[in-house]
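Everything on this sheet refers to the single structure shown next.
Numbering (my numbering), first residue to last: 8 to 125.
Here's what the structure looks like:
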């Protein structure tokens, strides 16, 4: 029969050491990544996001939205287009048709978002 002789304090210390090692590694990697990304790379990323959003994402959302309208549903596309914002994005909210005017809570609307986390 195996008996664990470690005290609760020793277990907590061991766990703390393991977590510290993981978090220290994460912090170190995060610092390196931030140091390696310059403003030019950020602007290139945001420009690519904007191009993909305009050429692919928005037209697809509009196509899906028009189809949904034919089926009696509504939709809205919200575009945070300013690339100078911290996280430009485009979001499609779908407002399903309900029977008997049953209200739907805002958190129940299907939503899809594309966000440029720079």
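We put the CB at the ideal spot given by N, CA and C, even for glycine.
Beta-carbon proximity of residue i to residue j, cut-off 8 Å
i	j	result
residue 99	residue 82	yes
residue 123	residue 94	yes
residue 72	residue 59	no
residue 80	residue 101	yes
residue 111	residue 105	yes
Rounded Cβ spacing between residue i and residue j (contact assumed at less than 8 Å)
i	j	result
residue 1	residue 97	Residue 1 falls outside the range modelled here, since the chain spans only 8 to 125, and no answer is possible.
One or two residues paired with residue i in a DSSP bridge
i	result
residue 118	100
Which full runs of the alpha helix (DSSP H) of 4+ residues lie inside the segment 16-100, going along the chain?
-> Secondary structure in the segment 16-100: the alpha helix (DSSP H) runs of 4 residues or longer, each lying completely within the stretch, are 46-59, 65-77 in chain order.
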